[in-house]
Amino acid sequence: MPQLALLRMVIRMVFSLFALVAAPATVPAAEAEPAGDYSSDLGRVFGGYHRIVAEKEACDSAVPASRAANDKAFAAWQNRHQSLVQELRRRVTAMIRVASTDERDYARNLGKYEGAILQEREEYRNQLLKLPEEELRGQCQRMAAVLRGPESDLAKVYADDLAAIRKHK
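Structure representation (structure tokens):
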């Protein structure tokens with residue numbers, strides 16, 4: 003069924019970046035893949051967002067001393083990216099709706115998607131927690147500065163992907 007394949011592709015694309023643990027976690031690694039089709043581009047950008055969320059979660063548990071500074075920087079970062087994240091969620095939800103046969107199927111597919119997001123984010127967070135202690139501590143201590151810097155500005159990091167995504171209504 004082509005709709006089920008589309009849904010699987012959406013879920014897979016959203017988390018294509020989670021496998022890139024070798025890259026510094028706070029750098030979304032936009033250059034990892036060239037711009038591709040709509041779902042790939044959407045997955046790359048949304049995956050970059052979720053990578054940062056997962057790193058924040060890992061830092062909160064592994065390096066509590068950095069939590070206060072990271073909380074403040076993360077809240078500001080979330081605020082700056084609020085409209086972009088809403089747009090990405092709206093687009094992913096629209097793809098899931100298209101891939102669904104009716105409202106019941108949509109609700110089931112949306113639940114699968116949300117569950118997959120949580121699972122992938124947890125797996126990525128756990129991979130980060132397996133980094134050498136000093137490496138993770140350093141990343142966590144730098145996180146607040148990174149969140150305030152241009153390397154975490156999703157609109158700039160993923161400018162080409164976003165331009166391609168926004169060509170589609």
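Under my numbering, residues 3 to 171 are what the sequence shown spells out, in order. We put the beta carbon where it would ideally sit given N, CA and C, even for glycine.
A distance of 7 Å or more separates the beta carbons of L130 and A70. DSSP places Y40 inside the alpha helix (DSSP H), whose first and last residues are 40 to 64. Boundaries for E153: no alpha helix (DSSP H) harbours it, and the DSSP string shows neither H nor E there. The residues A37, D43, R46, V47, in chain order, have a CB closer than 6 Å to that of D163 in the same chain once the five nearest residues on each side in sequence are set aside. The stretch 73 to 92 makes no contact with the stretch 105 to 117: fewer than 3 CB pairs, one atom from each, lie closer than 8 Å.
Following the DSSP letters along the chain, one finds D107 inside the alpha helix (DSSP H) bounded by residues 105 to 131. Between Q88 and L138, the alpha-carbon positions lie close to 30 Å from each other. Inter-residue distance for N72 and A56 is about 13 Å (C-alpha atoms, whole angstroms).
Annotation: A64 to D155 spans about 24 Å, alpha carbon to alpha carbon.
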